[in-house]
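**Q**
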Amino acid sequence: MSASMRKVLLCFFILVHLIIIFMAMRVMAVAAVEEVEPVDAEARKWAFVCAVVAVTASTAFAAVALRAVAIGGTALLTERPEAFGAVLLLGGLAEGVAIYGLLVAILILGKI
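Sequential numbering of the sequence shown, starting at 1, is according to my numbering.
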């Protein structure tokens, strides 16, 4: 992968995480409201859109991260088989991104 492609992926990865953080902050702000108000159709539509974006983007970037871990892990394990635990841990950390996106989507959908 070229250096410019890595920069683009890194910028996109950071942008998606900022969007997810913004959506989570919005959910927390709505959760801070003590009185439950009825939700109109427009707000419900945007809540579903935000949930879909959170799950889709986090899953896509988890796949990108797992691809990098798999490539590097395969190369590392051919030279040092005792590093299996470290590669497994890195794979779990990469998969955590998808779990966080799913959690944000659940929080968003729990408020409508």
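Glycine included, C-beta positions come from ideal geometry on N, C-alpha and C.
As the structure is a prediction and not an experimental result, all values here were calculated from the model.
Work out the CA separation of V69 and I106 for me, nearest whole Å.
**A** Within the sequence shown, numbered from 1, the residue matching residue 106 stands at position 106. Within the sequence shown, numbered from 1, the residue matching residue 69 stands at position 69. Distance between the alpha carbons of I106 and V69: 27 angstroms.
**Q** Using a 10 Å radius around the Cβ and a threshold of 16 neighbouring Cβ atoms, would you call M25 buried or exposed?
**A** Position 25 of the sequence shown, counted from the start, is the residue given in the question as residue 25. Answer is exposed; the Cβ neighbour count stays below 16.
**Q** Please confirm whether A62 and A86 have their CB atoms less than 7 angstroms apart.
**A** On the sequence shown, residue 62 is found 62 positions in, with the first residue counted as 1. On the sequence shown, residue 86 is found 86 positions in, with the first residue counted as 1. Going by C-beta atoms, A62 is not nearer than 7 angstroms to A86.
**Q** By the 10 Å Cβ neighbour count, where 16 or more other Cβ atoms means buried, how is G101 classified, buried or exposed?
**A** By one-based count along the sequence shown, residue 101 stands at place 101. With 16 or more other Cβ atoms within 10 Å, it is buried.
**Q** Looking only at its own chain, which residues have a Cβ that is under 8 angstroms from the Cβ of I20, when we skip the five neighbours before and after it?
**A** The residue you call residue 20 lines up with position 20 of the sequence shown. Contacts found: A54, A57, S58, Y100, G101, V104.
**Q** By the DSSP assignment, the alpha helix (DSSP H) with K111 in it spans what residues?
**A** For the purposes of this step, residue 111 is identified with residue 111 of the sequence shown, where counting begins at 1. Here K111 belongs to no alpha helix (DSSP H), and DSSP marks it neither H nor E.
**Q** Helix, strand or coil for R80, going by three-state DSSP, please let me know.
**A** Position 80 of the sequence shown holds residue 80. Coil.
**Q** With DSSP collapsed to three states, give me the class of S2.
**A** Mapped onto the sequence shown, residue 2 falls at position 2. DSSP places S2 in coil when its eight states are reduced to three.
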